[in-house]
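Counting in our numbering, the sequence shown runs without a single skipped number right up to 360 at its last residue.
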Amino acid sequence: MFWWLYRSPNRVDNGSTPWPTVLWLQGGPGASGVGIGNFQEVGPLDTDLKPRNSTWLQKVDLLFVDNPVGTGYSFVEDNTLFVKTDEEAAADLTALLIALYNKNTALQKSPLFLVAESYGGKYAVTLGLSIVKAVKSGELKLKFGGIACGNSWISAEDFVFAWGPLLRDVSRLDSNGEAKSNSLAEKIKQQIANGQYEDATNTWSQLEDAILTNSNNVDFYNFLLDSADDPVSATTLMSSDTIRMRKYARYLSSKASSSTGSVDDLMNGMIRKKLGIIPKDVSWGGQSDQVFTALAGDFMKPRIDEVDQLLSLGVNVTIYSGQLDLICATKGTEAWVEKLK
20 MFWWLYRSPN RVDNGSTPWP TVLWLQGGPG ASGVGIGNFQ EVGPLDTDLK PRNSTWLQKV
80 DLLFVDNPVG TGYSFVEDNT LFVKTDEEAA ADLTALLIAL YNKNTALQKS PLFLVAESYG
140 GKYAVTLGLS IVKAVKSGEL KLKFGGIACG NSWISAEDFV FAWGPLLRDV SRLDSNGEAK
200 SNSLAEKIKQ QIANGQYEDA TNTWSQLEDA ILTNSNNVDF YNFLLDSADD PVSATTLMSS
260 DTIRMRKYAR YLSSKASSST GSVDDLMNGM IRKKLGIIPK DVSWGGQSDQ VFTALAGDFM
320 KPRIDEVDQL LSLGVNVTIY SGQLDLICAT KGTEAWVEKL K
């Protein structure tokens, strides 16, 4: 499993206000935090390797991990080792944290915050519970600061029920389109209730197709745009049928940023060469599709109970949402938050 740790140049070791570390958890499943989160979102450099105007490294140390195995530079040599559940991903990440923290007193003094995007929110809440358990047992020497989940896929059912009404409200769907959306959402709800999670994943894909067809290809990451107008989606609309099911991870090959460089070219070119430790037969993102496929049976499982467990344990959980996202729409976030005990 590949990880990348930045120490902030502004770091101040102060006993009264310890300098925090953020573990960034990318979505997908199968999207690379080391590549996308680092060079396209919150890291110090963009894909042209130019300093970013605003980076989280000004305020925190940053830890990026290509999670789960098969993502980014992380890889498996045996296909049976791809994780099939969020809990398996959490176990692997916990093992990594034990290896990183238990012999590093400087890291132990720095409170660790999990910050997650999209599907990464499911990783974050399962990892959070695993961290609490490992710290309590003495297996992990770590100061746990809390969790922040941004536009996170915590409850697929609540999100798919938000899509039709939201798009009708902004005139991207007519009454027929909304009815089709709601009908497929009802089917997903029943499949989830019956424990048919992989079937629910397949129906979710059908629902996205129906919405694209009936909305003139609304963009799933900004419903004010059409997919062809958004560089995030435009790079992947021509994917094969086998890849199109993985629309939630369509930004894997994204070239969207203020820079001109491709993150794929960067990671499989200059960064790979500079690192000098990536095996010859491993390419950045080469196993990402298999990561999604392996997790297809867990993709639609809700993690609301896990959020409740964290809160009952006294863990600080922050939920935030960008209002233009369709995949993890704010309406859906509000719906699952209302279900918390």
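Glycine included, every Cβ here is placed at the ideal spot set by N, Cα and C.
On a Cα-Cα basis, can you pick out the residue from the options that is closest to residue i?
| i | options | result |
| --- | --- | --- |
| Ser340 | Ala354, Gly47 and Val334 | Ala354 |
| Ser137 | Val334, Met319 and Ile207 | Met319 |
| Leu82 | Asp283, Ile230 and Arg26 | Arg26 |
| Ser205 | Gly183, Leu329, Lys350 and Asn170 | The sequence as given places Glu at residue 205; Ser does not occur at that position. Closest by alpha carbon: Gly183. |
Hey, how far is the Cα of residue i from the Cα of residue j?
| i | j | result |
| --- | --- | --- |
| Gly304 | Asn235 | 30 Å |
| Thr352 | Lys299 | 42 Å |
| Asn57 | Leu192 | 35 Å |
| Ala50 | Asp327 | 26 Å |
| Asn233 | Asp177 | 21 Å |
| Asn98 | Asn221 | 22 Å |
| Thr40 | Tyr92 | 22 Å |
| Ala348 | Ile173 | 11 Å |
| Arg263 | Val237 | Low per-residue confidence applies at Arg263: pLDDT is 42, beneath 50, and the placement is therefore not dependable, though the value from the model is reported in the following sentence. Looking at the two C-alpha atoms, the distance is approximately 15 Å. |
| Ala175 | Thr312 | 17 Å |
| Ile166 | Lys293 | 32 Å |
| Arg269 | Met20 | Unreliable placement is indicated for Arg269, whose pLDDT of 43 sits below 50; the coordinate value is still reported in the next sentence. The straight-line gap from Cα to Cα measures roughly 22 Å. |
Hey, quick one: how far does the beta strand (DSSP E) through residue i stretch, first residue to last?
| i | result |
| --- | --- |
| Val336 | Val336 to Tyr339 |
| Ile166 | Phe163 to Gly169 |
| Val61 | Element bounds for Val61: n/a, residue is neither H nor E. |
| Leu42 | Thr40 to Leu44 |
Could you check if residue i is buried or exposed, using at least 16 other CB atoms within 10 Å of its CB as the buried criterion?
| i | result |
| --- | --- |
| Asp85 | buried |
| Val310 | buried |
| Ile296 | exposed |
| Asp32 | exposed |
| Pro28 | exposed |
For the alpha helix (DSSP H) containing residue i, list its first residue and its last residue.
| i | result |
| --- | --- |
| Ile117 | Asp105 to Tyr120 |
| Val84 | Per DSSP, Val84 belongs to no alpha helix (DSSP H); it is in the beta strand (DSSP E), Asp80 to Val84. |
| Leu186 | Ala175 to Asp188 |
| Ala229 | Tyr216 to Asn233 |
Verify the CB distance criterion: does residue i have a CB-CB separation below 8 Å to chain B?
| i | result |
| --- | --- |
| Ser137 | The question asks about chain B, but that chain is absent: this structure has only one protein chain. |
With a CB to CB cut of under 7 Å and the five nearest residues on each side skipped, what residues in its chain are close to residue i?
| i | result |
| --- | --- |
| Leu343 | Asn241, Phe242 and Leu243 |
| Gln225 | Leu203 |
| Arg291 | Ile297 and Trp303 |
| Leu161 | Leu116, Tyr120, Gln127, Leu131, Ile150 and Val154 |
Can you list, in chain order, the residues of its chain whose CB lies under 6 Å from that of residue i, leaving out five sequence neighbours each side?
| i | result |
| --- | --- |
| Asp188 | none |
| Trp43 | Gly52, Gly56, Phe83 and Val134 |
| Thr13 | Since the first and last residues shown for the chain are 20 and 360, residue 13 lies out of range. |
| Ser258 | Any answer about Ser258 is weak, because its pLDDT of 40 lies below 50 and its placement is not dependable; what the coordinates show is given next. Excluding sequence neighbours, Ser258 sits near nothing in its chain. |
Which same chain residues, not among the five before or five after residue i, have their C-beta less than 8 Å away from its C-beta?
| i | result |
| --- | --- |
| Ala110 | Ser149 |
| Leu186 | Leu192, Gly196, Glu197, Ser200, Ile230, Ser234, Val237, Phe242 and Leu345 |
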